[in-house]
Every structure is written in C-alpha cells, then in structure tokens.
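Written out below as structure tokens is the structure these notes cover.
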Amino acid sequence: MNTRKLITSMAAAVMLSTGLAGVGTAMTNQPAQAATQSGSSISIRRRSVTATVNSDKPQLIAYDPSTNKFVKALDSTYVKGQTIPVYYAITATSTANGTSQNVTFYFLENRTVDGKSCMILIPSTSVTPASTVPTAEEFQKTAENDAKTIQDAYANRTIKSITVTPKSKKGAKIYYAYKKSAKSKKIVFKATNKKIKYGKKYKSSMIVKNGKSRYVYIGKKRYLKSTAVKVTNVKYSPLNLPDDIKNLIVNN
C-alpha cells in the first residue's frame, strides 16, 4: 500500500486524541497530606507495547486530529530489528483505485509537522508487536484506571515521620503534657519558658491532637505547637502498589 495516497476516516480517534495528548507521560495531582498542608504532582508513564521493526526506514503517517486529515508521510530512521514502543491501535479506511479497505495503524507519539500538532502513526504491517496492542478506547480506560490507582495509593499512604523547625526567628515554645489529676484521663498541654532555637530541626513520628490544637512530639517528653513550626521533610511508608503499576511512576 502506498501511504502517500492514504485517505483516512478516524472520527473516534479524533474524539480520544485530546485525552491522549500526552501519551508518553501524564501529570496527575498527588493528594495533599495533612502534615504538610500542600500538594504536589507526579508524572505517570503510559503503558506501551514493545514492537519490533520489520524493515529499514518504514514510512510513518502524520495525522492532524483537529482537521481529521492526513498531513503527510514521513521517512523514519528505524532499522530492521529495532524495538519501539507503540501505545494503541487505530483502524482507518484506505482507498486506492476505487477499492476501500480497513488498515490498522499504531500510535507512536505527538509531534509538530508543518506547524501542525499531529499524531504520528506507523502501519501495523511495519512492526511485530510482542503482545496485543489495545484500541484507543482500551488504552484510555487503562490510563485512567492507572492514574486513579496511583492517586488512591498516595492518598492512603501513611506518614512514618516528619522533620519540623520553628517558623519564627524567636524560636518555638516547648510544651509538656500533664494529666489534670492522678485519676483523670484528660491531658493538658502547658507552655514553658524554654524554647527551641530557630533553625534547629527535630524528627517526629507523633502528632497529638488536644482540643482544637495539635502538638508535635520531639522527644524527651517535649512537644511543640504545630502552628509554631513548619515541616521541612516528610517520610512515608512504601506505596502499596503492584510492581507493574509502581514502575509507571516517573517521579515520586
């Protein structure tokens, strides 16, 4: 088949292309942790299928999803036997000499071609995939499930310890915990004249809530009011994820 004469109809792929724009990696919000009161983001690698190139320099197709039109054919630099990642399969209609037939392409990447944001495709006949290549719909669903699984794992991850330091240059007052009486179970926190110096850092694995206030335990029966300190480091328990999903996380 001469790819330069390709006429495609990929309406379904166009609808999905917006959601699949960053196919290589995607950014997703990491839930904020109470200890830090801030959020961050993580980068998730999309799942791909390894495919072996069948011949030297197979042609690629640049397709513009915004206009639903084929832009041009591109010469690749792939060589026979090289392995490349493919992400999902798209079925298009090829018309030649008045005859139409369905042709399958594999999505490789997004690239700017002639000033247009294009999907770069390779004919399925040009490569041999190691396993079944998902459809665009299947790929999208898997990507969404992976992102949710990872977000849930971060949300449920427990904090092992935090490192705190006084916010004020005047330092932070030290508090001690007392029982109201020998028989009482109620604990009260009393401030002392002693302070932790500005710049000093303390590791804590316990935060105690007392009324509307929280106190960070720094050892030797000493506590600091949470509002008087800032968190400089957080250590978490390992993520509870299977290896195949854990390996999708680029930055954690």
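Heads up: the sequence shown is residues -21 to -1, 1 to 231, going by mature numbering (1 follows the signal peptide of the UniProt record, and there is no 0).
Every residue, glycine too, gets a C-beta built ideally from N, C-alpha and C.
Since the model is a prediction, treat every value here as computed from it, not as a measurement.
- Task: Tell me whether the beta-carbon of residue 234 lies closer than 8 Å to the beta-carbon of Ala151.
- Result: With the chain covering -21 to 231 only, the question about residue 234 has no answer from this structure.
- Item | Of the residues Ser20, Ala161, Asn33 and Ile153, the one placed nearest Lys199, counting alpha carbons only | Your numbering for residue 199 matches position 220 in the sequence shown. Closest option to Lys199, Cα to Cα, is Ile153.
- Query: Three-state secondary structure (DSSP) at Tyr196?
  - Reply: On the sequence shown, residue 196 is found 217 positions in, with the first residue counted as 1. Three-state DSSP puts Tyr196 in a strand.
- Item | Which listed residue (Asn172, Thr107 and Val208) has its alpha carbon closest to that of Thr144 | Translated into positions along the sequence shown, residue 144 becomes position 165. Residue Val208 is the option with its Cα nearest to Thr144.
- Bridge-paired residues (DSSP) for Gln38: Translated into positions along the sequence shown, residue 38 becomes position 59. For Gln38, the beta-bridge partners assigned by DSSP are Asp54.
- Query: For Thr137, which residues of its own chain have a beta-carbon under 6 Å away from its beta-carbon, when the five flanking residues on both sides are left out?
  - Reply: Position 158 of the sequence shown, counted from the first residue, corresponds to residue 137. In chain order, Ser216 place their CB closer than 6 Å to the CB of Thr137, counting only its own chain and leaving out the 5 sequence neighbours on each side.
- Message: With H, G and I counted as helix, E and B as strand and the rest as coil, what does DSSP make of Lys120?
- Response: Within the sequence shown, numbered from 1, the residue matching residue 120 stands at position 141. Here Lys120 carries a helix assignment [DSSP, helix/strand/coil].
- Query: So what's Ser216 in DSSP terms, helix, strand or just coil?
  - Reply: Within the sequence shown, the letter at position 237 stands for residue 216. The answer is coil: DSSP assigns Ser216 none of H, G, I, E or B.
- Message: Taking DSSP's pairing of strands, which residues face Val106 in a bridge?
- Response: One-based indexing of the sequence shown puts residue 106 at position 127. In DSSP, Val106 forms a bridge with Val32.
- Taking the alpha-carbon positions, what's the Ser205 to Arg193 distance? For the purposes of this step, residue 205 is taken as the residue at position 226 of the sequence shown. For the purposes of this step, residue 193 is taken as the residue at position 214 of the sequence shown. Roughly 6 Å separates the two Cα atoms.
- For Lys148, collect the residues of the same chain with a Cβ closer than 7 Å to its Cβ; drop the 5 residues on either side in sequence, then sort them by chain order. Indexing the sequence shown from 1 puts residue 148 at position 169. If we look at Lys148 and ignore the five residues flanking it on each side, its Cβ neighbours are Tyr177.
- Bounding residues of the beta strand (DSSP E) (the contiguous stretch that carries Tyr225): Working through the sequence shown from its first residue, we reach residue 225 at position 246. Note that residue 225 corresponds to Lys in the displayed sequence, not to Tyr. From DSSP, Lys225 is part of no beta strand (DSSP E) but of the alpha helix (DSSP H) over Asp222 to Lys225.
- Message: Looking at the secondary structure, which residues open and close the beta strand (DSSP E) in which Arg90 lies?
- Response: Taking the first residue of the sequence shown as position 1, residue 90 is located at position 111. Thr78 to Val92 is the extent of the beta strand (DSSP E) around Arg90.
- Message: For a quick check, are the C-beta atoms of Tyr181 and Thr121 less than 8 Å apart?
- Response: In the sequence shown, the residue the question calls residue 181 occupies position 202. In the sequence shown, the residue the question calls residue 121 occupies position 142. Cβ distance not < 8 Å, so Tyr181 and Thr121 don't count as in contact.
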